[in-house]
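Under our numbering, the residues of the sequence shown are numbered 2 to 513, in order.
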Amino acid sequence: MQVEKLEKRKFKKIILVMGDQLSENISSLKHYDEDSLILMCEVINECTTPKHHKKKLVFILAAMRNFANLLNEKKYNILYVKLDDKQNTGNFTSEINRISKNYNCNVLYLTEPSEYRVLADIQNLNGLNVNIIEDDRFFCSTKEFKEFHQDKKTIIMENFYRFMRKKHNILMSGNKPLGGKWNFDQENRESIKTKINIPERDFINNDKITVEVKALVEQKFNHHFGNIEPFYLATTRVGALEIFNNFLKNRFSSFGKFQDAMLEGEDFMFHAHISFYLNNGLLEPKEVVTRAEKFALDNNIGLNSVEGFIRQILGWREYVRGIYWLKMPDYKTQNFLNAKNNLPDFYWDGKTELNCLKESLRNTIENSYAHHIQRLMILGNFALISEINPLELSEWYLIVYADAFEWVELPNVLGMVLFADEGFLATKPYASSGAYINKMSNYCKNCKYDVKLKNGPNACPFNYLYWNFLIKNKDKLINNQRMRMIYAVLNKFSTEKLEEIQSDSKKFLKNI
Ligand code: FAD
Ligand code: SF4
2 MQVEKLEKRK FKKIILVMGD QLSENISSLK HYDEDSLILM CEVINECTTP
52 KHHKKKLVFI LAAMRNFANL LNEKKYNILY VKLDDKQNTG NFTSEINRIS
102 KNYNCNVLYL TEPSEYRVLA DIQNLNGLNV NIIEDDRFFC STKEFKEFHQ
152 DKKTIIMENF YRFMRKKHNI LMSGNKPLGG KWNFDQENRE SIKTKINIPE
202 RDFINNDKIT VEVKALVEQK FNHHFGNIEP FYLATTRVGA LEIFNNFLKN
252 RFSSFGKFQD AMLEGEDFMF HAHISFYLNN GLLEPKEVVT RAEKFALDNN
302 IGLNSVEGFI RQILGWREYV RGIYWLKMPD YKTQNFLNAK NNLPDFYWDG
352 KTELNCLKES LRNTIENSYA HHIQRLMILG NFALISEINP LELSEWYLIV
402 YADAFEWVEL PNVLGMVLFA DEGFLATKPY ASSGAYINKM SNYCKNCKYD
452 VKLKNGPNAC PFNYLYWNFL IKNKDKLINN QRMRMIYAVL NKFSTEKLEE
502 IQSDSKKFLK NI
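Written out as structure tokens, the structure is:
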């Protein structure tokens, strides 16, 4: 970068651009003028606390370096601090202090950081006039979400999603939803029973910077979780756009139908695999939603696909962010079900005989990715019914996925998966037995356990752990309207059956 040239002059303000703000339209850059110095820094603290997946580190750092190069080519004044620069002090706030002193700056601009901890640290900086600007990449600002919430006991995602659809005029026909229905969820649940053609995973050739960063990560963070190769991710906007375009052309039409389906050896299914780029700034949610809507209308893509896809971005993604900012910092420590077990070792090494978990963990280790149903109904469901403690599980999810940033990971893990927020986010726990996994996947065929058996050493552990979870949490869950039917079934179990469930669960949990 232009360090030598920059050292000869002074600047009035620093514009800090973080690793998940890699967009030329980012709101902080709108304050750029000739007296501004853009600062980007790689800091060791953010790589090692916690110790992120190696592929995730390559992705974040290579995308940052490529973005800095782009700004440099466009003649912005930019100072880029690399991880192994001698004077690098290792965290954001000390770097801001060091650079502001070096260049005599007393004003700092930045787009609101996505993480509560970072925002708090920056707000506590002394000696600088700090200007935090709204992140207008989102459809809904944190302020608007708070207003939407007002004093409601909870916010139902579906209500919020309809509000967003109307407000932004997406998939609308006048005042009514396109196709006459708001939600095509019922048409998003087909499994794949016969052989079908699933498009190959997209693979972006590694550019020079990515190759350089791969070597750096290999050398510095070799002991971290996961594999660097195959490194298939895009680290520039051009590459991210290529992946999104391929999704529209090759996967979009089947996305809706097979959104919840899982198949052995198929790591990406018909999913878009764009969360990485939406979260680090290479793609913008508004462009993705607008282009998906237009593409669907121009190419006769079924409403179950386009509505299903847009619901994830305009609905879920905005909703979890709203909840994060509404509920932090207390959110992080919630544990309504008082779950206390430690995360089993196989979440780290993938060595388990439960085939559904083995497949989802293989995807996680190899690709730093797992699609939604693997995250929710396999890895999440297992942790819920095995009573894994929320802090440990959320740290694991934050480490292992290349798209994981706390604002999106935490509400999904704590709220959606673990019901640790007492149902603020999800109306009921997403707990299920092996039957659901067998219905939506072919994992059970090659598993040591028998999904049809309810108890005993060969029974699918999801079967007894599921009922064990319901038994243990009866007092807390029985009054949930959506759990009444299942508790009516449980109430009919004989004492013998209840004991068998509890004894099998105890044995299994003791051995993991
Ligand atoms: P697709 O299935 O193609 O969906 C399209 C887009 O919708 C995604 O790219 C994503 O931006 C958005 N989206 C879908 N579901 C959600 C959701 N529940 N919350 C927020 N956005 C959503 N997503 C992350 O981006 N980062 C995370 O750290 C993360 N952690 C998760 C943890 C758990 C336990 C669960 C259940 C879900 C998590 N998700 C997370 C949501 C979702 O699983 C991923 O966004 C998705 O799997 C990414 O793959 P994709 O781009 O192929 O998604
Ligand atoms: Fe998973 Fe049970 Fe099926 Fe095995 S039998 S793959 S453990 S659901």
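Glycine residues also receive a C-beta, built at the ideal position from the N, C-alpha and C atoms.
Cβ neighbours of glutamate 294 in the same chain (closer than 8 angstroms, five flanking residues each side left out):
Position 293 of the sequence shown, counting from 1, holds the residue named residue 294. For glutamate 294, where only same-chain residues beyond five positions count, the Cβ hits under 8 angstroms are Ile171, Leu172, Val307, Ile311.
When you compare only the Cα positions, how much space is there between histidine 224 and lysine 52?
Sequence index remark: in the sequence shown, residue 224 carries index 223 (1-based). Sequence index remark: in the sequence shown, residue 52 carries index 51 (1-based). The straight-line gap from Cα to Cα measures roughly 9 angstroms.
Using only the heavy atoms of the ligand SF4, determine whether one of them is closer than 7 angstroms to the beta carbon of isoleucine 438.
The sequence position of residue 438 within the sequence shown is 437, counting from 1. Because some heavy atom of the ligand SF4 lies under 7 angstroms away, the Cβ of isoleucine 438 counts as near it: yes.
Quick test of your reading: phenylalanine 72 and isoleucine 79, contact by CB under 8 angstroms. State the CB separation rounded to the nearest angstrom.
In the sequence shown, residue 72 corresponds to position 71, counting from 1. In the sequence shown, residue 79 corresponds to position 78, counting from 1. The question names phenylalanine, yet the displayed sequence has leucine at residue 72. With a Cβ gap of about 5 angstroms, leucine 72 and isoleucine 79 count as contacting.
Look at the alpha carbon of serine 29 and the alpha carbon of phenylalanine 245, and state the distance between them as a whole number of angstroms.
Residue 29 sits at position 28 when you count from the first residue of the sequence shown. Residue 245 sits at position 244 when you count from the first residue of the sequence shown. For serine 29 and phenylalanine 245, the distance between alpha carbons rounds to 26 angstroms.
Can you tell me whether proline 178 sits near the ligand SF4, meaning its C-beta is under 7 angstroms from at least one heavy atom of the ligand?
Taking the sequence shown and counting its residues from 1, one reaches residue 178 at position 177. For the ligand SF4, not one heavy atom lies less than 7 angstroms from the Cβ of proline 178.
Flag glycine 240 as yes when its Cβ comes closer than 7 angstroms to any non-hydrogen atom of the ligand SF4, and as no otherwise.
Locating residue 240 in the sequence shown gives position 239, where the first residue counts as 1. Not under cutoff, so the answer is no.
Cβ-Cβ distance between phenylalanine 470 and leucine 385 below 8 angstroms:
Locating residue 470 in the sequence shown gives position 469, counting from the first residue. Locating residue 385 in the sequence shown gives position 384, counting from the first residue. In contact: phenylalanine 470 and leucine 385 (Cβ atoms closer than 8 angstroms).
Please list, in chain order, all residues of the same chain as serine 434 whose beta carbon is under 7 angstroms from its beta carbon, the five residues on each side excluded.
As a first step, residue 434 must be located in the sequence shown, where it is residue number 433. So the qualifying residues of the chain are Phe463, Asn464, Tyr467.
By the three-class DSSP mapping on this structure, what secondary structure does lysine 13 have?
By 1-based counting over the sequence shown, the position of residue 13 is 12. It is coil, neither helix nor strand.
Taking 7 angstroms as the cut-off, does the CB of tyrosine 444 come closer than this to any heavy atom belonging to the ligand SF4?
Position 443 of the sequence shown, counted from the start, is the residue given in the question as residue 444. Within the cutoff, so yes.
Under DSSP, the alpha helix (DSSP H) around threonine 94 begins and ends at which residues?
What you label residue 94 is simply residue 93 of the sequence shown in a count that begins at 1. From DSSP, the alpha helix (DSSP H) with threonine 94 extends over 93 to 103.
Isoleucine 134, enclosing beta strand (DSSP E) - first and last residue:
The sequence position of residue 134 within the sequence shown is 133, counting from 1. Segment 130 to 134, the beta strand (DSSP E) holding isoleucine 134.
Leucine 380 CB to nearest chain D CB: under 8 angstroms?
No chain D appears in this structure, which consists of one protein chain only.
Keeping to the same chain, check which residues put their C-beta closer than 7 angstroms to that of glutamate 5; ignore five residues upstream and five downstream.
In the sequence shown, counting from the first residue as 1, residue 5 sits at position 4. Per-residue confidence for glutamate 5 stands at a pLDDT of 48, beneath the threshold of 50, marking its modelled position as unreliable; the derived number appears in the next sentence. Counting only Cβ-Cβ distances below 7 angstroms, and skipping sequence neighbours, we find nothing.
Below 7 angstroms, is the gap between the Cβ of glycine 424 and the nearest heavy atom of the ligand FAD?
Counted from its first residue, the sequence shown places residue 424 at position 423. Not so, every heavy atom of the ligand FAD lies at least 7 angstroms from the Cβ.
Nearest-angstrom Cα distance between glycine 20 and methionine 41?
For the purposes of this step, residue 20 is taken as the residue at position 19 of the sequence shown. For the purposes of this step, residue 41 is taken as the residue at position 40 of the sequence shown. Straight-line Cα distance between these residues: approximately 8 angstroms.
Under three-state DSSP, which class holds asparagine 70?
As a first step, residue 70 must be located in the sequence shown, where it is residue number 69. The answer is helix: DSSP assigns asparagine 70 an H, G or I state.
With a threshold of 7 angstroms (Cβ to nearest heavy atom), would glycine 435 be considered close to the ligand SF4?
Here the question's residue 435 lines up with position 434 in the sequence shown. At least one heavy atom of the ligand SF4 is nearer than 7 angstroms to the Cβ of glycine 435, so yes.
Would you report the Cα separation of lysine 287 and lysine 511, rounded to the nearest angstrom?
Indexing the sequence shown from 1 puts residue 287 at position 286. Indexing the sequence shown from 1 puts residue 511 at position 510. C-alpha separation (whole angstroms): 48 angstroms.
How many angstroms separate the CA atom of aspartate 136 from the CA atom of alanine 340?
The sequence position of residue 136 within the sequence shown is 135, counting from 1. The sequence position of residue 340 within the sequence shown is 339, counting from 1. About 35 angstroms.
Residues near phenylalanine 259 by beta carbon distance below 7 angstroms, same chain, minus five either side:
As a working mapping, residue 259 is identified with position 258 in the sequence shown. Excluding sequence neighbours, phenylalanine 259 sits near Glu191, Ile193, Met270, Phe271.
May I ask which residues mark the beginning and end of the beta strand (DSSP E) holding serine 37?
Residue numbering aside, residue 37 sits at position 36 when the sequence shown is read from its first letter. Serine 37 -> beta strand (DSSP E) spans 37 to 42.
Can you tell me which of the three DSSP states aspartate 476 falls into?
Within the sequence shown, residue 476 is the residue found at index 475, counting from 1. It is helical.
Give a yes or no on contact between the region 475 to 486 and the region 440 to 453, applying the rule of three or more CB pairs nearer than 8 angstroms.
no
So within the region 268 to 322, which uninterrupted alpha helix (DSSP H) runs reach at least 4 residues, ignoring any that extend past its ends?
276 to 281, 286 to 299, 304 to 311
Could you tell me if alanine 235 is buried or exposed, where buried requires 16 or more neighbouring beta carbons within 10 angstroms of its beta carbon?
As a working mapping, residue 235 is identified with position 234 in the sequence shown. Its Cβ being crowded by 16 or more others within 10 Å, alanine 235 is buried.
Alanine 432 burial status per 10 Å Cβ neighbour count (16 or more: buried):
Numbered from its first residue, the sequence shown carries residue 432 at position 431. Buried, by the Cβ-count rule.
Counting only runs that start and end within the region 243 to 269, where is the alpha helix (DSSP H) found for 4 or more residues in a row?
253 to 256
Assuming cysteine 141 and methionine 165 make a contact with CB atoms under 8 angstroms, what is their CB distance in whole Å?
One-based indexing of the sequence shown puts residue 141 at position 140. One-based indexing of the sequence shown puts residue 165 at position 164. About 6 angstroms; that satisfies the 8 angstroms criterion.
Residue from Gly266, Asn280, Phe204, Val218 with nearest C-alpha to glutamate 243
The residue you call residue 243 lines up with position 242 of the sequence shown. With distances taken between Cα atoms, glutamate 243 lies closest to Phe204.
Buried or exposed, going by whether 16 or more other CB atoms sit within 10 Å of the CB of isoleucine 148?
Counted from its first residue, the sequence shown places residue 148 at position 147. Note that residue 148 corresponds to glutamate in the displayed sequence, not to isoleucine. Classification of glutamate 148: exposed, given that the 10 Å Cβ count is below 16.
Return yes when the Cβ of asparagine 280 is within less than 8 angstroms of the Cβ of aspartate 404, no when it is not.
Your numbering for residue 404 matches position 403 in the sequence shown. Your numbering for residue 280 matches position 279 in the sequence shown. In this structure, asparagine 280 lies closer than 8 angstroms to aspartate 404 by Cβ.
Close Cβ partners of phenylalanine 509 (< 6 angstroms) along its chain, the five nearest in sequence each way excluded
By 1-based counting over the sequence shown, the position of residue 509 is 508. Correct list, in chain order: Pro462.
Does the region 408 to 418 touch the region 355 to 370, meaning 3 or more C-beta pairs lie closer than 8 angstroms?
no
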